[in-house]
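**Student:** Sequence lines, in order, name chains A and B. Using UniProt numbering, the first residue of the first sequence is number 1, and each one after it goes up by one. Using UniProt numbering, the first residue of the second sequence is number 1, and each one after it goes up by one.
2 protein chains.
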Amino acid sequence: MKHTIKDVAKRANVSIATVSRILNEKDGYSEDTKEMVLRVIEELGYHPNAIARGLINNKTHTVGVLVPSLTGTFATELLSGIEQVTHEVGSNVIVCYTEFQGVKTMKYLQMLNEKRVDGIIFISAELTEEYYSYVESMSIPMVLLCSESDKYQVPYVRVNDRAGGYTATKYLIDNGHRNIGLISGSEDDVLTSVQRAEGYKAALIDHNIAVNENNMVFNDDFLFEDGIQGMKTLMERAPDLTAVFAASDELALGAISVAYQYNKRVPEDISVIGYDNLRLAEMSHPPLTSVSQPLNDMGAKAAQMLFEMQESKMITPSCIMPHQIIERKSVHSLKDFKKK
Amino acid sequence: MKHTIKDVAKRANVSIATVSRILNEKDGYSEDTKEMVLRVIEELGYHPNAIARGLINNKTHTVGVLVPSLTGTFATELLSGIEQVTHEVGSNVIVCYTEFQGVKTMKYLQMLNEKRVDGIIFISAELTEEYYSYVESMSIPMVLLCSESDKYQVPYVRVNDRAGGYTATKYLIDNGHRNIGLISGSEDDVLTSVQRAEGYKAALIDHNIAVNENNMVFNDDFLFEDGIQGMKTLMERAPDLTAVFAASDELALGAISVAYQYNKRVPEDISVIGYDNLRLAEMSHPPLTSVSQPLNDMGAKAAQMLFEMQESKMITPSCIMPHQIIERKSVHSLKDFKKK
DNA sequence: TTGACTTAGTTAAACGTTTACGTAAGTAAT
DNA sequence: ATTACTTACGTAAACGTTTAACTAAGTCAA
């Protein structure tokens, strides 16, 4: 039931070379034979074997994406952006859930190597020496998504998290808040969590507000549970906060839920701004004001860069995507009219 | 920099056949040569070319997963279940976001065909004649996930949505509610939306509550926006409801948000139960009581079945996964003590 | 009429594996 | 000493393509 190029050739009374050329739109055949061959292909329902093609062309039209365990929407949006442009150029994506584990990551890299993927996208993970040199030895392009590396010359696409943190905090300040808390992810996560915190501090300083360590809390991760923990300690340590910048939407929702527990109304008693603008931001109560990362576009961009590098064999410049505040109902203005 | 089996053979002073046999753990070589070859492999950093292997073995260790555009968490959980067991058996998954489009789906099927994947998982989509016969002609196993087909003998894994709807509704009844609304997805979605509604009706009838069409609303989809729409019309048509069964968590959150708009407290004035038990259920305010589908397990099961079928060449029995109510805070009991 | 080009093909090697088959050396039994 | 088996390999075909190199026929100009 499965036909090969030979079957087509035999049935059309030509050589397999001719069939191949027709398939690949090279020249060396008449209109007539082309039509004939095409008809036979149609009749047989023949589809070329991508494996055989891959073997000889050294190109598999497949890219690998390494995804650590991210919260649902986040990963899906990035992935669907990647998948979309990958599909447009006629390739496919192999997903690998690394769960932040180094061993798993290396195992996946090996599989991707054996499968001879044309490129690799690393999502949101630190590029270790081990990973880098392995991919380097595969000599295929890679790009980092929601991450970056200063050690290695690997192009990345992300938003400027420091700037994002700054914008979020400034937004709160512009709304009249001066007593602003911070809930962020891990203090070890220099790439993201710490960056956002830096932006927070910078905004305070630029507006002559003292940075108070008591108002800042770091957690294990960016998750809801962390938000709960974080907000609890914040409520103890700094009960007179009027606003908090949560470095992820999940953190923000966690914070809001403990605010309720402490009988504080959001946003009347305490304002909360999130980060990521995931789908759940609009579904929360109150709807969450959040710093939006264009995740879908970022995924798409990363894929584009990958294919660009395949073409050009050169390193594509990195890309900082714009962020944006999506105003909803979780921030209360302490002024009659906003500044600016 | 990229070595082949020939390089290994040459360097170890054996034939490629021997290397191959060692790699595949067949016999026909001495302990000594094995050690030698293994050492050379290590030295060269050789990894077998899966493409070449695929060509001759007619097995690619790759499965395709067709995902319609599902809300983030839903898709991610299924996918990660699938990916996990796929990885365990040494295969990879190619994801295809079909966005519910027939043309795109067919295009993907062709790509998967050309890439000679070993199996296909269809998520949550109706299996049309076209899809079915195409995959049939590829003669590889397929399984349906969160879906089923009565036309074709294709194994599936899903929960019994009718039963799920029944359980949810019964839960409300057991909590003393008799005036219960329904917000579901599309009326055309016979596989899921309608099933849950049927379960709802059955539970009412079994408890001697009249089914009232006014208390039921169908929407375009299972999304937040649909929940808002649905709840609005429900509030108009049936203002004296004390509880509503929303056929998805997003619908439930939409419903809750309009409840707030109408100044109804949840759950004191109106109880809401959701379906899916996505991550956002625990993060909502109030935390959402929901019918849980073991999505991760379902994905894993589907993948297991796929590999089982590859082995056995037979059709594996379908699998109905258990559902379960996860009690949180969005349902209020109207009785002093619960029945049962 | 010849030579130079062009057109429309064919043949066969190559891609990197696996594996059926062949074989030479060693061992065991008679 | 011969036969029969076993062990430890090597040889070469095969998987389904692409493509470089070749060829035969036709066209055109001088």
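The beta carbon of each residue, even a glycine, is placed where N, CA and C say it ideally should be.
Name the chain B residues whose beta carbon is nearer than 7 Å to that of glutamine 110 (chain A)?
**Tutor:** On the first sequence, position 110 is the one that residue 110 (chain A) refers to. Within 7 Å Cβ-Cβ: His47.
**Student:** Could you give the distance in angstroms between the alpha-carbon of lysine 335 (chain B) and the alpha-carbon of aspartate 249 (chain B)?
**Tutor:** Along the second sequence, read from residue 1 onward, the residue named residue 335 (chain B) stands at position 335. Along the second sequence, read from residue 1 onward, the residue named residue 249 (chain B) stands at position 249. Roughly 25 Å between the two C-alpha positions.
**Student:** To the nearest angstrom, report how far apart residue 374 (chain A) and leucine 241 (chain A) are at their CA atoms.
**Tutor:** Here chain A has residues from 1 to 340 only, and residue 374 (chain A) is not among them.
**Student:** Among B:Ile22, B:Ile51, B:Glu282, which residue has its Cα nearest to the Cα of valine 40 (chain B)?
**Tutor:** Counting from one through the second sequence, the residue named residue 40 (chain B) turns up at place 40. It is B:Ile22 whose Cα lies nearest to the Cα of valine 40 (chain B).
**Student:** Can you pull the chain A neighbours of threonine 73 (chain B), defined as C-beta to C-beta under 7 Å?
**Tutor:** What you label residue 73 (chain B) is simply residue 73 of the second sequence in a count that begins at 1. Ordered by position in chain A, the residues that pass the 7 Å Cβ test against threonine 73 (chain B) are Gly72, Thr73.
**Student:** What do you reckon, are the CB atoms on isoleucine 180 (chain B) and leucine 172 (chain B) nearer than 7 Å?
**Tutor:** Indexing the second sequence from 1 puts residue 180 (chain B) at position 180. Indexing the second sequence from 1 puts residue 172 (chain B) at position 172. Cβ atoms of isoleucine 180 (chain B) and leucine 172 (chain B): closer than 7 Å.
**Student:** List the residues of chain B whose Cβ lies closer than 9 Å to the Cβ of isoleucine 273 (chain A), in chain order.
**Tutor:** As a first step, residue 273 (chain A) is located in the first sequence; it is residue number 273 there, counting from the start. The contacting residues do not exist; isoleucine 273 (chain A) stays about 17 Å from chain B at best.
**Student:** Just to make sure I have the definition right: I need the residues of chain A whose C-beta is within less than 9 Å of the C-beta of glycine 185 (chain B). Which are they?
**Tutor:** Stepping through the second sequence from its first residue, residue 185 (chain B) is reached at position 185. Chain A residues near glycine 185 (chain B): none, gap ~16 Å exceeds 9 Å.
**Student:** What does residue 346 (chain B) reach in chain A if we use C-beta pairs closer than 7 Å?
**Tutor:** With chain B covering 1 to 340 only, the question about residue 346 (chain B) has no answer from this structure.
**Student:** Glutamate 83 (chain B) and asparagine 296 (chain B): beta carbons closer than 7 Å?
**Tutor:** In the second sequence, residue 83 (chain B) corresponds to position 83, counting from 1. In the second sequence, residue 296 (chain B) corresponds to position 296, counting from 1. No, the Cβ-Cβ distance between glutamate 83 (chain B) and asparagine 296 (chain B) is not below 7 Å.
**Student:** Along the alpha helix (DSSP H) that carries phenylalanine 224 (chain B), what are the first and last residues, could you check?
**Tutor:** Residue numbering aside, residue 224 (chain B) sits at position 224 when the second sequence is read from its first letter. Phenylalanine 224 (chain B) -> alpha helix (DSSP H) spans 224-237.
**Student:** Run through DSSP, which three-state label would alanine 246 (chain B) get?
**Tutor:** Translated into positions along the second sequence, residue 246 (chain B) becomes position 246. Strand at alanine 246 (chain B).
**Student:** List the endpoints of the continuous alpha helix (DSSP H) containing tyrosine 131 (chain B).
**Tutor:** On the second sequence, residue 131 (chain B) is found 131 positions in, with the first residue counted as 1. Run containing tyrosine 131 (chain B): 129-138, per the alpha helix (DSSP H) assignment.
**Student:** What residues of chain B sit near tyrosine 260 (chain A), judged by a beta carbon separation below 8 Å?
**Tutor:** Here residue 260 (chain A) refers to the residue found at position 260 when the first sequence is read from its first residue. Those are His285, listed as they occur along chain B.
**Student:** Using a beta-carbon distance below 7 Å, is lysine 59 (chain B) in contact with chain A?
**Tutor:** Start at 1 with the first residue of the second sequence, and residue 59 (chain B) comes out as number 59. So no, lysine 59 (chain B) is outside the interface.
**Student:** Alpha helix (DSSP H) containing phenylalanine 100 (chain B): first to last residue?
**Tutor:** By 1-based counting over the second sequence, the position of residue 100 (chain B) is 100. Neither: phenylalanine 100 (chain B) is in no alpha helix (DSSP H) and is coded neither H nor E.
**Student:** Mind checking if lysine 115 (chain B) is an interface residue toward chain A, Cβ cutoff 7 Å exclusive?
**Tutor:** Position 115 of the second sequence holds residue 115 (chain B). So, interface residue.
**Student:** Quick one, which residues of the region 220-233 of chain B are near chain A if we go by CB-CB under 8 Å, in chain order?
**Tutor:** Listed by position, the residues of the region 220-233 of chain B near chain A (Cβ gap below 8 Å) are Phe224.
**Student:** Report the three-state DSSP secondary structure of valine 190 (chain B) (helix, strand or coil).
**Tutor:** For this step, residue 190 (chain B) is matched to residue 190 along the second sequence. Reduced to three states, the DSSP call for valine 190 (chain B) is coil.
**Student:** Cα separation between threonine 128 (chain B) and valine 117 (chain B)?
**Tutor:** Indexing the second sequence from 1 puts residue 128 (chain B) at position 128. Indexing the second sequence from 1 puts residue 117 (chain B) at position 117. Each residue's alpha carbon lies about 20 Å from the other.
**Student:** Check the Cβ of glutamate 250 (chain B) against every Cβ in chain A and list those closer than 9 Å, keeping chain order.
**Tutor:** Working through the second sequence from its first residue, we reach residue 250 (chain B) at position 250. The contacting residues are Arg279, Met283.
**Student:** How would you label tyrosine 262 (chain B), buried or exposed, when you count the other beta carbons within 10 angstroms and need 16 or more for buried?
**Tutor:** Walking along the second sequence from the start, residue 262 (chain B) turns up at place 262. The residue in question, tyrosine 262 (chain B), is exposed, as its Cβ has fewer than 16 Cβ neighbours within 10 Å.
**Student:** In chain A, which residues lie less than 9 Å from glutamate 77 (chain B) when you measure between Cβ atoms?
**Tutor:** For the purposes of this step, residue 77 (chain B) is identified with residue 77 of the second sequence, where counting begins at 1. Those are Gly72, listed as they occur along chain A.
**Student:** Does DSSP put glycine 54 (chain B) in a helix, a strand or coil?
**Tutor:** Position 54 of the second sequence, counted from the first residue, corresponds to residue 54 (chain B). Helix, per DSSP.
**Student:** Buried or exposed for phenylalanine 337 (chain B), going by 16 or more other Cβ atoms inside 10 Å?
**Tutor:** Your numbering for residue 337 (chain B) matches position 337 in the second sequence. With a pLDDT of only 45 at phenylalanine 337 (chain B), under 50, the local geometry of the prediction cannot be trusted, and no value is derived from it.
**Student:** Hey, how far is the Cα of lysine 339 (chain A) from the Cα of asparagine 175 (chain A)?
**Tutor:** Looking up residue 339 (chain A) in the first sequence gives position 339. Looking up residue 175 (chain A) in the first sequence gives position 175. Legend: pLDDT at lysine 339 (chain A) = 44, less than 50; position of this residue unreliable, no value from coordinates given.
**Student:** Using a beta-carbon distance below 7 Å, is serine 290 (chain A) in contact with chain B?
**Tutor:** Within the first sequence, the letter at position 290 stands for residue 290 (chain A). For serine 290 (chain A), the answer is no, since every Cβ of chain B falls outside 7 Å of its Cβ.
**Student:** Buried or exposed: which applies to histidine 207 (chain B), given that a residue is buried once 16 or more other Cβ atoms fall within 10 Å of its Cβ?
**Tutor:** Within the second sequence, residue 207 (chain B) is the residue found at index 207, counting from 1. Classification of histidine 207 (chain B): exposed, given that the 10 Å Cβ count is below 16.
**Student:** Which chain B residues are close to tyrosine 152 (chain A), counting only those with a beta carbon under 9 Å from its beta carbon?
**Tutor:** Here residue 152 (chain A) refers to the residue found at position 152 when the first sequence is read from its first residue. Those within 9 Å of tyrosine 152 (chain A) in chain B number zero; the least Cβ separation is about 18 Å.
**Student:** Whole angstroms is fine: what's the gap from glutamate 213 (chain A)'s alpha carbon to isoleucine 183 (chain A)'s?
**Tutor:** Counting from 1 along the first sequence, the entry for residue 213 (chain A) is found at position 213. Counting from 1 along the first sequence, the entry for residue 183 (chain A) is found at position 183. Approximately 11 Å, taken between the alpha carbons.
**Student:** Against chain A, does serine 149 (chain B) count as a neighbour if the rule is that its beta carbon must be under 7 Å from one of theirs?
**Tutor:** As a first step, residue 149 (chain B) must be located in the second sequence, where it is residue number 149. No, no contact with chain A.
**Student:** Inspect the beta-carbon positions of threonine 73 (chain A) and arginine 279 (chain A) and report whether they are closer than 7 Å.
**Tutor:** Stepping through the first sequence from its first residue, residue 73 (chain A) is reached at position 73. Stepping through the first sequence from its first residue, residue 279 (chain A) is reached at position 279. The answer is yes: Cβ separation under 7 Å.
**Student:** Evaluate arginine 196 (chain B) with the Cβ neighbour count: other Cβ atoms within 10 Å of its Cβ, from every protein chain shown; 16 or more gives buried, anything less gives exposed.
**Tutor:** Taking the first residue of the second sequence as 1, we reach residue 196 (chain B) at position 196. So arginine 196 (chain B) counts as buried.
**Student:** Could you say if the region 283-290 of chain B and the region 318-333 of chain B meet the contact criterion of at least three C-beta pairs nearer than 8 Å?
**Tutor:** Taking 8 Å as the limit for Cβ pairs, the verdict is that the region 318-333 of chain B does touch the region 283-290 of chain B.
**Student:** Show which residues of chain A have a CB atom less than 9 Å away from the CB atom of phenylalanine 205 (chain B).
**Tutor:** Taking the first residue of the second sequence as 1, we reach residue 205 (chain B) at position 205. The question names phenylalanine, yet the displayed sequence has isoleucine at residue 205 (chain B). None at all; the shortest Cβ gap to chain A is about 33 Å.
**Student:** Sort out for me which residues DSSP pairs cysteine 319 (chain B) with in a bridge.
**Tutor:** As a position in the second sequence, residue 319 (chain B) is number 319, starting the count at 1. The partner list for cysteine 319 (chain B) (beta bridge, DSSP) reads B:Val157.
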